[in-house]
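Chemist: Residue numbers (our numbering): 52 to 132. Every residue, glycine too, gets a C-beta built ideally from N, C-alpha and C. Mind having a look at this structure? Questions to follow.
Laid out in structure tokens, this is it:
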């Protein structure tokens with residue numbers, strides 16, 4: 052195993068799970084709260100706000116989710132993690 056900067060594969064998998072199970076529902080509640088503060092805008096504006104907020108949540112976590120669906124690169128050739 053080589054010393055790579057950043058989080059290990061297993062740590063990134065754990066953080067991705069925490070983000071999806073805890074962070075994403077909290078973000079959904081925050082997004083709905085923001086839209087409700089706009090006093091129920093027209094449907095097209097509301098849709099646009101949800102689309103923009105739906106993309107923005109993932110940008111800070113892109114490095115965590117990259118490669119999570121692949122086999123563990125630090126594991127041997129058997130592909131088990």
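Could you tell me the distance, in whole angstroms, from the CA atom of residue 94 to the CA atom of residue 106?
Modeler: Straight-line Cα distance between these residues: approximately 18 Å.
Chemist: With DSSP as the reference, label residue 108 as helix, strand or coil.
Modeler: Looking at residue 108 - three-state DSSP - the assignment turns out to be coil, as it is neither helix nor strand.
Chemist: For residue 82, name the three-state secondary structure that DSSP assigns.
Modeler: Helix.
Chemist: Can you tell me whether residue 95 is helix, strand or coil according to DSSP?
Modeler: DSSP places residue 95 in helix when its eight states are reduced to three.
Chemist: Work out the CA separation of residue 62 and residue 119 for me, nearest whole Å.
Modeler: Taking the straight line joining both Cα atoms gives about 10 Å.
Chemist: Report the rounded CA-to-CA distance for residue 81 versus residue 116, giving the unit in angstroms.
Modeler: Computed Cα separation, rounded: 22 Å.
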